Structure formats: structure tokens, C-alpha cells
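Quick note: to get the working numbering, add 62 to the position in the sequence shown (first position is 1).
For glycine and all other residues, C-beta sits at the position ideal for the given N, C-alpha and C.
All values reported here derive from a predicted model rather than from experimental measurement.
Below is one structure; the comments refer to it alone.
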Amino acid sequence: MYRSEPAIDVPIVCFQCRKPLCADACPTNAITKKGRLEAINIVEDLCTGCGRCVEACPFGAIFIHPNESIPIACDLCGGDPTCIRYCAPQILKLATEEDLAAAKRETLVGIMLEREKGVAP
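If you want it as C-alpha cells, here you go:
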């Protein structure tokens, strides 16, 4: 969680990149993609705690655990992310690329209709 004063909390989450730079940077191949969602997976037994993954992530979404000296990244909780279940306003969603593309198309169609005809879908 990133805190910006005076009153904005912004979650910093893993983007689950197709070709994760954190995995490419890992000298021991301790970062893999796992499961049906191909979520980032950190194999603790292989990790040396060097921090190259942290430096490589362009989104700042991987951290070194302060006590364990191993990286932490969102692994989507095995497909049932706790953050989504407990998000009171139900704003967080687990979406596929197809879901995002459909939402983008719907938004663009709405904008075009509104501009052309003054109508919203």
C-alpha cells in the first residue's frame, strides 16, 4: 500500500505480466508462472534474496519481506484473491484480458454515441 498525504491510499499490485521482467532478472529462476491463471509464483527454496526482481519490476509491485529476506508479489491467492473478497465497496475485480477489452469497447461505443447523438447506452 502506498500512502500519499493528505488522504490517498493506493494499492500497488502485481500486473501479472505475460513476460515478467522480475522473472527474467532472477539469476536462480525462482520466479515462475503457476496455475490456471498463470500467476507469479516465487519458489522460496530457489530464491537467494538478491533483490534483482525488485529492481526489474517497472511497477514497483514486488517487495523483499523485511523479516524473511525473500520477495513478495501477488500470487492471486490461488484464484480467489482475499483483497477482492473483502473489498467493501466491491470495486476490485479479477478480470481477464478479454474482460478488459470488452469493457474498453463498451466505453468507446458509449463515448461515440454520446458525441454523435447525445445518447448513452
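Item to complete: Would you kindly check if the distance between the Cβ of P133 and the Cβ of F125 is under 8 Å?
Response: The sequence position of residue 125 within the sequence shown is 63, counting from 1. The sequence position of residue 133 within the sequence shown is 71, counting from 1. Yes.
Item to complete: May I have the straight-line CA-CA distance separating A157 from I146, to the nearest angstrom?
Response: Residue numbering aside, residue 157 sits at position 95 when the sequence shown is read from its first letter. Residue numbering aside, residue 146 sits at position 84 when the sequence shown is read from its first letter. Between A157 and I146, the C-alpha separation is close to 11 Å.
Discussion item. Whole angstroms are fine: how far does the CA of N129 sit from the CA of E106?
Written reply: Here residue 106 corresponds to residue number 44 of the sequence shown, with the count starting at 1. Here residue 129 corresponds to residue number 67 of the sequence shown, with the count starting at 1. Each residue's CA atom was taken as its position, placing E106 and N129 some 14 Å apart.
Item to complete: Mind reading off the beta-carbon distance from I93 to C119? Whole number of angstroms is fine, and I expect it under 8 Å.
Response: Counting from 1 along the sequence shown, the entry for residue 93 is found at position 31. Counting from 1 along the sequence shown, the entry for residue 119 is found at position 57. Between C119 and I93 the Cβ distance is about 10 Å, and since that is not below 8 Å, they are no contact.
Worksheet item: Shortest alpha-carbon distance to C109 belongs to which of R167, A101 and C84?
Response: Locating residue 109 in the sequence shown gives position 47, where the first residue counts as 1. The shortest CA-to-CA distance from C109 to any of R167, A101 and C84 is the one to C84.
Worksheet item: Any beta-carbon of chain D closer than 8 Å to the one on A85?
Response: As a matter of chain content, chain D is missing from the structure shown, which is built from one protein chain.
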